[in-house]
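Each residue of the sequence shown is one higher than the last, beginning at 10 in the working numbering.
Ideal Cβ placement from N, Cα and C applies to all residues, glycine included.
Note that the coordinates shown come from a computational prediction; the quantities given were computed from them, not determined experimentally.
First comes the structure, then the notes that go with it.
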Amino acid sequence: MEIKVLKDILGANDQMAQSNQQLLDGNHVFAVNLMASPGAGKTSLVLETIKGLQGKVRIGVIEGDISSTFDSELIAQQGVPVVQINTGGECHLDASMIRNALENLPLTDIDLLLVENVGNLVCPAEFNLGEHRKIVVSSVPEGDDKPIKYPAMFIIANAVVLNKTDLLPYVKFDSDRFREAVREINRKLDIFEVSCTTGEGIERWTSWLLAEMGRK
Ligand code: MG
Ligand code: ZN
10 MEIKVLKDIL GANDQMAQSN QQLLDGNHVF AVNLMASPGA GKTSLVLETI
60 KGLQGKVRIG VIEGDISSTF DSELIAQQGV PVVQINTGGE CHLDASMIRN
110 ALENLPLTDI DLLLVENVGN LVCPAEFNLG EHRKIVVSSV PEGDDKPIKY
160 PAMFIIANAV VLNKTDLLPY VKFDSDRFRE AVREINRKLD IFEVSCTTGE
210 GIERWTSWLL AEMGRK
């Protein structure tokens, strides 16, 4: 019985996600869903991506948090249109929250929409938003075992960003072990090693984004 209820919820979410993608496509917006545990550096990656793509594409942002507007204030300072979703306890974004946000964004002025999901490495994987690509952001201090412990997110992702590589000399983290774990779960995943502190690796990541936008 409970399983059926859950299926209905996810079914309704998928329908709304499909409708979101139609709205995005109609406005020529390419949407990327950034998922990670709290503190992996999603907001920093959004900020570095904005910097890296300045003058190349017009970016918009949806910020998902359980509460607060800290992150969206940082984004707004860059002069980028941003909508903050406060889920009020929900630990993930769903398609109807995104729909609401889309209706409050100037979609015709946006080429690339970055959606920062709520910090959580589990259930955001279950909710399609209507995005074109799903990205897992992992970070060095979290440890190289995250793909093994939280495989669901890596199974559905299109790419992995490994952030905070500037901390590699100070933290026990085996890059090869991480890569191997990712490949074992999902062979097709591109892995981008970046540091949002030093800017290292960001260009490779933004080039990939541009290529994916062209491929859509
Ligand atoms: Mg954030
Ligand atoms: Zn959740």
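Simplified DSSP assignment, three categories, for residue i
| i | result |
| --- | --- |
| Asp118 | helix |
| Gln63 | coil |
| Asp74 | strand |
| Leu123 | strand |
| Gly69 | strand |
| Gly20 | helix |
| Glu57 | helix |
| Val38 | coil |
Start and end residues, alpha helix (DSSP H) containing residue i
| i | result |
| --- | --- |
| Ile144 | Note, Ile144: premise wrong, no alpha helix (DSSP H); beta strand (DSSP E) at 142 to 148. |
| Ala45 | Run containing Ala45: none; DSSP gives neither H nor E here. |
| Glu212 | 211 to 224 |
| Asn109 | 104 to 111 |
| Glu82 | 79 to 85 |
C-beta atoms of residue i and residue j nearer than 8 angstroms
| i | j | result |
| --- | --- | --- |
| Leu123 | Val41 | yes |
| Val169 | Ile119 | no |
| Glu140 | Lys51 | no |
| Val55 | Ile75 | no |
| Lys143 | Ala166 | yes |
| Thr78 | Gln63 | no |
Residue i: first and last residue of the uninterrupted beta strand (DSSP E) it sits in
| i | result |
| --- | --- |
| Ile94 | 91 to 95 |
| Phe136 | From DSSP, Phe136 is part of no beta strand (DSSP E); its letter is neither H nor E. |
Let me know the alpha helix (DSSP H) ranges lying completely inside the segment 167 to 205, each 4 residues or longer, listed in chain order. 184 to 194
Closer than 5 angstroms: residues whose CB approaches a heavy atom of the ligand MG: Lys51, Thr52, Asp80
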